[in-house]
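S.K.: Please find one structure pasted underneath; my questions will follow.
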Amino acid sequence: MNRPRAIVSVLVGLHLLVLLAGFAAPYDPVEQARAFPYAPPTPLRFVDADGRFHVRPFVYGVMPDPDNFDGYVEDTTRRFPVQLMVTGAAYTLLPGIQSRIHLFGVDSPGRTSLLGTDGFGRDVLSRLLHGGRVSIGAGLVATSCALLVGVTFGTLAGFFGGRIDAALMRAADLFMAIPWLYLLFAVRAALPLHLDTRATFLLLVAVVGVVGWARPARLVRGIVLSARERTYVTAAKSFGATSPYLLRRHVLPQALGVVLTQAGLLVPQYILAEVTLSFLGLGVGEPTPSWGAMLGSLQQYSVLTSYWWMFTPAVALVAVAVAYHALTSMVHERMRLVTG
Amino acid sequence: MNRFIGSALVVLLSALTVSAAVPAAITPGEEVLVEKATSGNHGGRLVVALRAEPRTLNPAIAADAPSREVIGRMIADLIHIDRATQATEGALATEWKRSSDGREYTLKLRKGIRFSDGRPFDADDVVFTFQVLLDERTGSPNRDLLIVGGQPVRVTKVDEYTVRLTMAQPYAAAERLFDSIAILPRHLLVEAYTKGAISNMWAVSTPAAAVAGLGPYRLKEYVAGQRLVLERNPYYWKTDSAKRRLPYLDELVFLFTGNEDAQVIRFQSGDSDVLSRASADNFGVLVRDQAAGRYQLKDLGPSLEYNFLFFNQNDLTGKNLPQVAVKQQWFSDLGFRRAVSRAIDREGIARLVYRGRAVPLWGNVSPGNRLWINTSLPRQPRNVSEARAILKASGFSWRPDGALIDRQGRPVTFTIVTSSTSAQRTEMATLIQADLKELGMGVQVVPLEFRALVDRVFQTFDYDASVLGLGGGDADPNGEMNVWMSSGSNHLWRLGQKAPATAWEDEIDRLMQKQLITLDYRERKRLYDRVQTIVAEQLPMIFLAAPHILVGARADLGNFQPSVLDHYTLWNVERMFLRPESRSVRR
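As they're listed, the protein sequences go chains A and B. By my numbering, the letter at position 73 of the first sequence is numbered 73, and the numbering carries on one by one without gaps. Remember, my numbering sits 1000 above the position in the second sequence when you count from 1.
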């Protein structure tokens, strides 16, 4: 099998799924089906209670057990076939594109919660897909911030050397030593309460990213430092090439591999940072889903011990992290071959 | 540790303690209280997990719950509220008489009884106790309760076993005031008191011999960060029906855990024997695990605690909070508050947040308080269209995208702050957020660290709305004075009023003051019913739900009779005992 292609398609698939969450998710992620708190995953069936086989998968109707808060009984007299391209809750597919078409669903009053529901009766699968937008988005935003600042400062330090280098690298040391958790608390405390929680969250993510500039900066500086001394660079310089030209043409392409591998490592790391933020109550805020916020409910002992499907965001996290790491090692290998 | 060695150690330890604190023989002339219909057997120890470490063992200054939980087992009061009947009964006072004008009480004290260090108790101790509590230097949280009609209660000694209390004005249910007021041993504390150092006395690390009380237990050992052990008070003044001195249990061990979950896990694993208030979700976990039969669980029904949503209506002059001030135009609009109240799904809160182990509330008195609830208050179910009609009548309207706007066209958005340590209140706020979205209101839920929340609500007033809970003290309306009086310290929606800001707050002030000096129950009930009606109409607080009291104890604990009043489980610890047939089985 073509391994690189498989890795890339898995990653692209995951991101597409999350990007088009509104379409892929059967329900509105904030819709509370209050009669169905902590409903276990609805099994997709092909064989009915009488043993007959159906080509089209179906689910049975589910009734809350009146005597038991999180107990449910299946009503095998009511069969709801799973349908594709159903009309449901309105959502924004992509900015500017409104839609009501969902990939799959069942007719009301049937419900299909393939990954169960949370304590408010919200569909976990829908929240997982929509939450991926926030979590992966946070990872990408923070990584971009870290790389943008890191590459700029690293290049400046490596290329110009001297005092600039010394100043920037001491600053990098300082930033590496910052206890960023407390910095975040300080930032949150300084922000006014009435600020939109989503804006606050984005700001915090950017802070996390910017604070993380030091490591990529150091790596880039090292590459730039050695590239600067290469004979062809010195030659170009003696022919009168300007600094921007040298950087663009000869130096920065050398750093591309490092930047890409750093990106591959940083994205999952910052997705995990989102989990930490949410765990500390600095997350995106109810009712907007994010993987960290969803995992936050596991802090409650009863949820931790009773509802296994609440762990699914952790599975998604691991999958994304593994895919990114595979991508990183693939890029690393490729780059070694190219730069040789 | 090896289980065998563990049990051997326990046996050894209990053997040691039995030799250390044998119940003293009853002396002639000692007026012991004989508890009727009690039977049990001496021995054994009970382990209780506390949420946090107690800060002090000094009853005069203790304010935090863990301290009070421990101290409560070491002290006795003059007149006690029986947690089972909610009525008063004699404790250190055997009988009391009220003067005809209702301002003077004469109390006869129990004769011949002794403190836990063996020294006798008499009227001097009572006089000394009230002197200490009323002294401002002490800083006692009980002091406010003992100020009646603006003047401190006066306590004088009539003879060795009689004291007289005089109040500036008649005080309804004055005898309830004495509940949980610990009588202090004068012989141990008088020196520190005259030096003005009473509040430094009896830190948790004090040697056991220097602490004494009149309760069923006395201090034995304190290990910082781990546990506090109490042992039987050998001179305790209650006996069972067979005239054997109580308490039955040799020892009471308090373990320090970090939080409620840790408390529940300790109980579930058998490390602790009594669980004093579980949340509904943890209770659900325990119920499922109950099949093993190692513990008994009890749902005692609605507590006195009421949870509510309230809006910031504080006077913000002098505070630089323009963004809150703008929203106060909505918050002070009765139509706005009524619409919010009509749109909230209280049944949903009771079912989802409390797993059905709660009752929806429409007033400040919980159905758990049978003596005082005004049952005629309307219980209106959720009705969104009616809520929208109320908003429309108040001048609100809707934008094409469904967002609610006020007369000036400003979209109605606000923040609900909750305590991040209370999962339930944050969940309530999340449900309210979804409910109010249907009215077009944009609500954000911000869980804050508890101290930050308290600071915003009580000091800076920098918040829009909050979900909090109150209640859980005594069932009597007097305990609610500080909430409903416009000058009260818990008059949360508008604190620090010099004069009532509205006509209805003025009326509540007058009603509350009147019930305070009315001695007839029916008349007081009528006055307090009216208070409840006004509150339900004006909605300064939008009441949500009263959770049930959920408790548990090991299966073989006898005389376990939990109550909806604090302390829920250990209030009758002197009568609790371990059934012998199973004492060795469990561990």
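Heads up, the beta-carbon is just placed ideally off N, CA and C, and yes, glycines get one too. On a predicted model such as this, the values are computed, not experimentally measured, just so you know.
What separation, rounded to the nearest whole angstrom, lies between the Cα atoms of VAL47 of chain A and LEU93 of chain A?
M.R.: Using only the alpha carbons, I get a separation of about 34 Å.
S.K.: Measure the alpha-carbon distance for ALA1278 of chain B versus THR1421 of chain B and round it to whole angstroms.
M.R.: Taking the straight line from one Cα to the other gives about 14 Å.
S.K.: How big is the Cα-Cα spacing for GLY162 of chain A and THR1317 of chain B?
M.R.: C-alpha separation (whole angstroms): 57 Å.
S.K.: Which whole-angstrom value describes the C-beta separation of ALA1087 of chain B and GLN1561 of chain B, a residue pair presumed to lie in contact below a C-beta threshold of 8 Å?
M.R.: Rounded, the Cβ-Cβ distance is 15 Å, inconsistent with contact.
S.K.: Could you compute how far the alpha carbon of SER1014 of chain B sits from the alpha carbon of ASP1506 of chain B?
M.R.: Caution applies to SER1014 of chain B, whose pLDDT of 48 falls short of 50 and renders its modelled position unreliable; the value that the coordinates give is listed next. So the alpha carbons of these two residues sit roughly 60 Å apart.
S.K.: Kindly list the residues whose CB is nearer than 7 Å to the CB of GLU1574 of chain B, restricted to its own chain and excluding five residues on each side of it in sequence; keep chain order.
M.R.: PRO1216, TYR1236, LYS1238, LEU1246, PRO1247.
S.K.: For the segment 1106-1182 of chain B, list the alpha helix (DSSP H) runs that are entirely contained and at least 4 residues long, ordered along the chain.
M.R.: Taking only runs of at least 4 residues, the alpha helix (DSSP H) segments lying wholly in the segment 1106-1182 of chain B are 1123-1134.
S.K.: Tell me, which residues are paired with ALA341 of chain A by DSSP?
M.R.: Residue 341 of chain A falls outside the range modelled here, since chain A spans only 1 to 340, and no answer is possible.
S.K.: Return helix, strand or coil for ASN1307 of chain B, following the three-state DSSP convention.
M.R.: Reduced to three states, the DSSP call for ASN1307 of chain B is strand.
S.K.: Under 8 Å by Cβ, that's how I've got THR312 of chain A and VAL18 of chain A pegged, so tell me the actual separation to the nearest angstrom.
M.R.: The pair is not a contact, with the Cβ atoms about 14 Å apart (cut-off 8 Å).
S.K.: One question on the structure: do LEU974 of chain B and ILE1183 of chain B come within less than 8 Å of each other, judged by their Cβ atoms?
M.R.: The displayed coordinates of chain B run from 1001 to 1587. Any statement about residue 974 of chain B would go beyond what the structure contains.
S.K.: Within 10 angstroms of the Cβ of LYS1195 of chain B, are there 16 or more other Cβ atoms? Answer buried if so, exposed if not.
M.R.: Exposed, since its Cβ has fewer than 16 Cβ neighbours within 10 Å.
S.K.: Could you give the distance in angstroms between the alpha-carbon of VAL1417 of chain B and the alpha-carbon of GLY1284 of chain B?
M.R.: Cα to Cα, the separation comes out at about 27 Å.
S.K.: Short of 9 Å Cβ to Cβ, which residues in the segment 1329-1341 of chain B face chain A?
M.R.: Those would be none; no residue qualifies.
S.K.: Rounded to the nearest angstrom, what separates TYR324 of chain A and LYS1392 of chain B at their Cα positions?
M.R.: The alpha-carbon atoms of TYR324 of chain A and LYS1392 of chain B are separated by roughly 53 Å.
S.K.: So, is the C-beta of GLN1444 of chain B closer than 8 Å to a C-beta in chain A?
M.R.: Interface residue, yes.
S.K.: Nearest by alpha-carbon distance to ALA167 of chain A: which of A:LEU183, A:GLY131, A:ALA217, A:ALA138 is it?
M.R.: It is A:ALA217.
S.K.: Excluding sequence positions up to five away, which residues of its chain have a Cβ less than 7 Å from the Cβ of ASP1509 of chain B?
M.R.: So the list reads MET1485, SER1486, PRO1500, once near-sequence residues are dropped.
S.K.: Compare the C-beta of ASN1314 of chain B with all C-beta atoms of chain A and state if any pair is closer than 8 Å.
M.R.: No, ASN1314 of chain B does not count as interfacial toward chain A.
S.K.: Got a sec: which bits of the segment 36-56 of chain A sit with their beta carbon under 9 Å from any beta carbon on chain B, in order along the chain?
M.R.: If the cut-off is 9 Å between Cβ atoms, the segment 36-56 of chain A has PRO37 near chain B.
S.K.: Opposite GLU1104 of chain B in the DSSP bridges: which residues?
M.R.: For GLU1104 of chain B, which the question treats as bridged, DSSP gives the partners B:THR1166.
S.K.: Go ahead and pull the three-state DSSP assignment for GLN1380 of chain B.
M.R.: GLN1380 of chain B: coil per DSSP, three-state reduction.
S.K.: Between SER1466 of chain B and VAL1454 of chain B, which are expected to be in contact by the criterion C-beta below 8 Å, what is the C-beta distance as a whole number of angstroms?
M.R.: Actually they are not in contact, since the Cβ atoms of SER1466 of chain B and VAL1454 of chain B sit about 10 Å apart, beyond 8 Å.
S.K.: Quick check: what's the CA-CA separation for THR1518 of chain B versus ALA1172 of chain B?
M.R.: Distance between the alpha carbons of THR1518 of chain B and ALA1172 of chain B is about 6 Å.
S.K.: In three-state DSSP terms, what is GLY110 of chain A?
M.R.: Residue state, collapsed to three classes: coil.
S.K.: Kindly indicate which three-state DSSP category VAL1326 of chain B falls into: helix, strand or coil?
M.R.: Note: VAL1326 of chain B maps to helix in three-state DSSP.
S.K.: Does the separation of the CB atoms of ALA1091 of chain B and ALA1076 of chain B fall below 8 Å?
M.R.: Cβ atoms of ALA1091 of chain B and ALA1076 of chain B: closer than 8 Å.
S.K.: Can you tell which of A:GLY88, A:VAL284, A:LEU280, A:VAL106 has its C-alpha closest to the C-alpha of ARG100 of chain A?
M.R.: Here the closest residue by C-alpha is A:GLY88.
S.K.: By the criterion of Cβ-Cβ separation under 7 Å, what are the contact partners of GLY161 of chain A in chain B?
M.R.: Result: empty, since nearest Cβ-Cβ is about 47 Å, beyond 7 Å.
S.K.: Among residues of its own chain, excluding the 5 on either side of LYS237 of chain A, which ones have a beta-carbon nearer than 7 Å to its beta-carbon?
M.R.: So the qualifying residues of the chain are LEU246.
S.K.: Under 8 Å, CB to CB, which of the residues in the segment 119-135 of chain A have a partner in chain B?
M.R.: Against chain B - using a Cβ distance shorter than 8 Å - the residues of the segment 119-135 of chain A are GLY119, PHE120, GLY121.
S.K.: Tell me which residues share the same chain as ARG221 of chain A and place their Cβ nearer than 6 Å to its Cβ, disregarding the 5 neighbours each side in the sequence.
M.R.: The answer, listed in chain order, is GLY154, ALA157, GLY158.
S.K.: Which of helix, strand or coil does DSSP assign to SER1584 of chain B?
M.R.: Note that SER1584 of chain B scores a pLDDT of 47, beneath 50, so its modelled location is shaky and nothing firm can be said.
S.K.: Along the chain, where does the alpha helix (DSSP H) that runs through GLN1433 of chain B open and close?
M.R.: Its alpha helix (DSSP H) spans residues 1423-1437.
S.K.: Among all the DSSP beta bridges, which residues are the ones paired with TRP1096 of chain B?
M.R.: According to DSSP, TRP1096 of chain B bridges with B:LEU1107.
S.K.: For LEU183 of chain A, tell me which candidate among A:VAL210, A:ASP165, A:ARG170, A:ASP107 has the shortest Cα-Cα distance.
M.R.: Nearest of A:VAL210, A:ASP165, A:ARG170, A:ASP107 to LEU183 of chain A, Cα basis: A:VAL210.
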